[in-house]
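Visitor: I am attaching a structure below and will ask some questions about it afterwards.
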Amino acid sequence: MNNSAVYLDHAATTDLNPAALSAMTEQFSQTGNPSSLHGAGRRANRVVDEARTAIAKVAGAHPTELIFTSGGTESDNLALKGLFWNRTAKNPLARSILVAGIEHHAVLDTVSWLEAHEDATALWMPVDADGVLDLQAAKELIEEHHERIALGTIMWANNEVGAIQPVVAFTALAAKYGIPVHSDAVQAFDSVPTNFATSGLATMAVSAHKIGGPVGIGALFVRRDVVLMPIQHGGGHERKLRSGTLNAVAAAGFAAAATAVHETLVAESARLSELREYAVQNITRLVPDAVLNGPRDEDNAGLRLPGNLHFTFPECEGDSLLFLLDMVGIASSTGSACTAGVPQPSHVLVAMGRDARSARSVQRFTLGHRTTHEDVDILLEALPDAYQRAKKAGMAADESSIHTAGTGFTR
Amino acid sequence: MKVLAAMSGGVDSAVAAARAVEAGHDVVGVHLALSRMPGTLRTGSRGCCTLEDSNDAWRACDKLGIPYYVWDFSDRFAEDVVQDFVDEYEAGRTPNPCMRCNEKIKFAALLEKALALGFDAVCTGHYAKVLRDTEGNPELHRAADWAKDQSYVLGVLTHEQLDHCMFPLAETPSKAEVRAEAAARGLTVANKPDSYDICFIPDGDTRGWLAERIDMKPGEIVDQDGNQLGEHGGAQAFTVGQRKGLRLGRPAADGKPRFVLEIRPKDNKVIVGPEALLSVDELRGIRISWAGVPIPEIITGEEFDCMVQVRAHGDPVDAKAHMERSEGSDVLVVQLPEGMRGVAPGQTMVVYQGTRVLGQATIDKARSTSWDSSKVS
């Protein structure tokens, strides 16, 4: 199956918004480096500037706070390393990073790298069974260790189980001790309200292609008073924080998508959460063993991403279920995959206290702007049989029941 | 049929999958992630399950227009193949990990998952044939190209497993033809080097790899009469038939080279002797399996003529075999009128009649009429 008739993986990427396509088509035929001083350059610069203003507006930020990057991963790297190096330059003893186990690998692996190469220490903040930051525990960690904390990081919404995090409450705790906080808002941006100005965040990472913009562009919002150490050097673009020729075409597409999506955010959020609730009720009815992960949020009270569905299907490999659904044209996700495409137990579920075995038995369905009631019905029709079959296929770590020669050393 | 093509990323499995597609089957490509370190790059012809292999398999599937997935069997592989390999060496035996992988992973763990998910067969790029008798029972046979024949490493498959095997390269006259076919089909793996060695020992240094996993202690090297000749760093690092690396210092009385005749991990002893004593006349095999319906003599216990092969690329040797039934455990006793050299306990002997694989057994004891090792204390 080359194309999925029912695409339920909008959190991985979603189709290009028509407004973005037309904005980019227009820009593709134009010449000009936004840094050049002639007419063509000024024209390109205006495109970037307008895009910057439009995206900043959507994010509740000042245009000067927006640093264009290649995407969410680069934004997370720039924020975490930049904040860490800037803080340790002032206070070499402040080397701890407040972080939760539910973060995306772009954050987790950056923190591990800082631990391995820059003598950083991760201070692990626990999450509850729904994958929501435990604020009380975070508070205690901050009070105990604030003197040696360089920064904190908390994602706005989790990419696997959709749990929206108490970002504002967390930044308030950190602000008491002047600790800067970064947030990976890649999944939340333009899906739920994410106001940078009132968030209390030092930095916030977003990506274009999750909201219908092109792949390859994202942004890091950096509060005007926050100083970062750049990780990429060169022509001094973007407040000297991110050198490299600005991509006017992609910026125009990003801005068009952000604006278009923002205009319908409230209505779309209500529509998706209603569809999600319909799916949750029916999946748990049709597959009684299935367990919803993350906050239920029946009334769309801002606890969960509106389009996110994430279930544990006990005793079946996530990749078996993915395969069976893919075969009937339904695109879903096991949540996380390494570069070789090998499914790993979900680190998010492990952080939520589940064992590694059940953390392999998960499936994520993410609804997007073109998801219809009918799409959900097609999923509901396919799911019970797929679940039974996947369960029969068993867990890869278990011994098979095929009759074999039984050679080998008996231990 | 719904066919799952196991795609290693090499040329054989790619062409096998292509032929299955062309035969009209509904084919899906699956790459097995077996290593605990996926995402590494290949070095030369070594290694397996690397990012490159996975991408090569992916591209081949794209070219064939079939879906592609990576399935993770690294836990089972670690237990059934890698740990088994270590345990066997630790016990002084010489295992064949590729056979174990066919037995436990490709045609067990993978096959079971495939059947449950709605497939009818698993297709691989092995050079071997599955034929059917008049009643439809499967028989395993050598491939048309004896130089590439891989029936030995499949000899461990049972009736149930053979029922769901598909080997589209069975009739291929040569590997060169497979490469030419791959090139003609536009498969990028047409000129990819063959894999050798053991996939989970990427640098090919089996002894070094084992030394990191087995607690080895220095011990004695003795001759066939029990006289101490030297010391070794750990008996498990030796293989029967080995000549190099004994470091005995002084030559044998007859000036001829000495070979490892036996390894005794319990006493941490290595017994060496002249080449002539390497030859064995009788093999006793345990953990026996039959590749399909056993021939009548196996049931009656009568002696039958056959040929025996003890390694993947070894020559088959004429033999007479019979089943010896004792309480609880059957033994396949094989007489070798011409003798056979360098047989190590733990090796698998595959028993043939003509091109047909009858079955296999793990060699428990190899006896020589010219030398009784039990006299060495």
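Chains as they are written, first to last, in the numbering used here: chain W, 137 to 547; chain F, 194 to 570.
Each residue gets a CB set at the ideal place from its N, CA and C atoms; glycine is no exception.
1. Bridge partners of V160 (chain W), per DSSP?
2. Compare the C-beta of I203 (chain W) against all C-beta atoms of chain A and say whether one is closer than 8 Å.
3. From the DSSP output, which residues share a beta bridge with Y143 (chain W)?
4. Enumerate, from N- to C-terminal direction, the unbroken alpha helix (DSSP H) stretches of 4 or more residues contained entirely within the stretch 226-310 of chain W.
5. If I follow the unbroken beta strand (DSSP E) through I456 (chain F), where does it start and stop?
6. Could you check the C-alpha separation between A512 (chain F) and A492 (chain W) for me, to the nearest Å?
7. According to DSSP, Q553 (chain F) sits in a beta bridge with which residue or residues?
8. Output, in chain order, the set of chain F residues within a Cβ distance shorter than 7 Å of H539 (chain W).
9. Taking 8 Å as the CB-CB limit, is F393 (chain F) close to chain W?
10. My parser needs the beta strand (DSSP E) runs of 3 or more residues fully inside the stretch 350-427 of chain F; what are they?
11. Do I464 (chain F) and E475 (chain F) have their beta-carbon atoms positioned less than 8 Å apart in this structure?
12. Taking only beta-carbon atoms, is T448 (chain W) less than 8 Å away from chain F?
13. What are the residues of the stretch 471-486 of chain F that lie near chain W, defined by any Cβ-Cβ distance shorter than 7 Å?
14. Compute the Euclidean distance between the alpha carbons of F325 (chain W) and G207 (chain W), then round it to the nearest angstrom.
15. Select from W:A310, W:D266 and W:Q301 the residue whose C-alpha is nearest the C-alpha of H282 (chain W).
16. Please check if any C-beta of chain F sits within less than 8 Å of the C-beta of D521 (chain W).
17. Between P231 (chain F) and P260 (chain F), what straight-line distance do the alpha-carbon atoms span, to the nearest angstrom?
18. Give the range of the alpha helix (DSSP H) segment to which V274 (chain F) is assigned.
19. For G354 (chain W), which of W:D255, W:G471 and W:I191 has the nearest alpha-carbon?
20. Going along the chain, which residues of its own chain have a beta-carbon closer than 7 Å to the beta-carbon of P450 (chain W), five neighbours each way excluded?
21. What is the DSSP secondary structure of N222 (chain W), reduced to helix, strand or coil?
22. So, does the stretch 248-265 of chain F touch the stretch 281-300 of chain F, judging by three or more C-beta pairs under 8 Å?
23. Between the alpha carbons of A209 (chain F) and L244 (chain F), how many angstroms are there, rounded?
24. Quick check: is the beta carbon of T167 (chain W) nearer than 8 Å to any beta carbon in chain F?
25. At the 8 Å Cβ level, is F557 (chain W) part of the contact set with chain F, yes or no?
26. How would you label T330 (chain W), buried or exposed, when you count the other beta carbons within 10 angstroms and need 16 or more for buried?
27. Would you please verify whether the beta carbon of Q553 (chain F) is less than 8 Å from any beta carbon of chain W?
28. Given a limit of 8 Å on CB to CB distance, which residues of the stretch 503-516 of chain F reach chain W?
29. Could you check which residue in W:V142, W:H146 and W:A236 has the C-alpha nearest to that of H345 (chain W)?
30. Might you give, ordered along the chain, the residues of its own chain that have their beta carbon closer than 7 Å to the beta carbon of C474 (chain W), omitting 5 neighbours on each side?
31. Does the contact criterion of 3 or more C-beta pairs under 8 Å hold for the stretch 144-163 of chain W versus the stretch 391-402 of chain W?
32. Enumerate in chain order the residues of its own chain whose CB-to-CB distance from A445 (chain F) is below 6 Å, with the five nearest sequence positions on each side excluded.
33. Would you tell me roughly how many angstroms separate the C-alpha atoms of A386 (chain W) and M292 (chain F), rounded to the nearest one?
34. Counting contacts by CB-CB distance shorter than 8 Å, is L310 (chain F) in contact with chain W?
35. In chain order, what are the residue ranges of uninterrupted beta strand (DSSP E) at least 3 long that sit wholly in the stretch 392-473 of chain W?
36. Is the CB-CB distance between R421 (chain W) and P431 (chain W) below 8 Å?
Guide: Let me spell this out:
1. Per the sequence presented here, residue 160 (chain W) reads as Met, with Val not at that position. BP columns for M160 (chain W) are empty, so no partner.
2. In the structure shown, chain A cannot be found, because the protein chains are W and F.
3. W:A467
4. 241-254 and 271-281
5. R451 to R457
6. Cα to Cα, A512 (chain F) sits roughly 51 Å from A492 (chain W).
7. F:S482 and F:V543
8. Those within 7 Å of H539 (chain W) in chain F are T351 and E353.
9. no
10. 412-415 and 421-425
11. no
12. no
13. R480 and S482
14. Within the model, the alpha-carbon separation for F325 (chain W) versus G207 (chain W) is close to 13 Å.
15. W:A310
16. no
17. Because P231 (chain F) carries a pLDDT of 48, less than 50, the predicted location of this residue cannot be relied on, and the following value inherits that uncertainty. Rounded to whole angstroms, P231 (chain F) to P260 (chain F) spans 21 Å at the Cα level.
18. Looking at the DSSP string, V274 (chain F) is not in any alpha helix (DSSP H), and its letter there is neither H nor E.
19. W:I191
20. D425, S494 and S497
21. helix
22. no
23. The straight-line gap from Cα to Cα measures roughly 21 Å.
24. no
25. Not covered by the structure: residue 557 (chain W). The range shown for chain W is 137 to 547.
26. buried
27. yes
28. none
29. The shortest C-alpha to C-alpha distance from H345 (chain W) to any of W:V142, W:H146 and W:A236 is the one to W:H146.
30. At C474 (chain W) the pLDDT is 49, less than 50, meaning the model places this residue with poor confidence and gives no usable figure here.
31. As far as the Cβ criterion goes, the stretch 144-163 of chain W touches the stretch 391-402 of chain W, which means the pair count is three or higher.
32. R451
33. Rounded to the nearest angstrom, the two C-alpha atoms are 53 Å apart.
34. yes
35. 444-448
36. no
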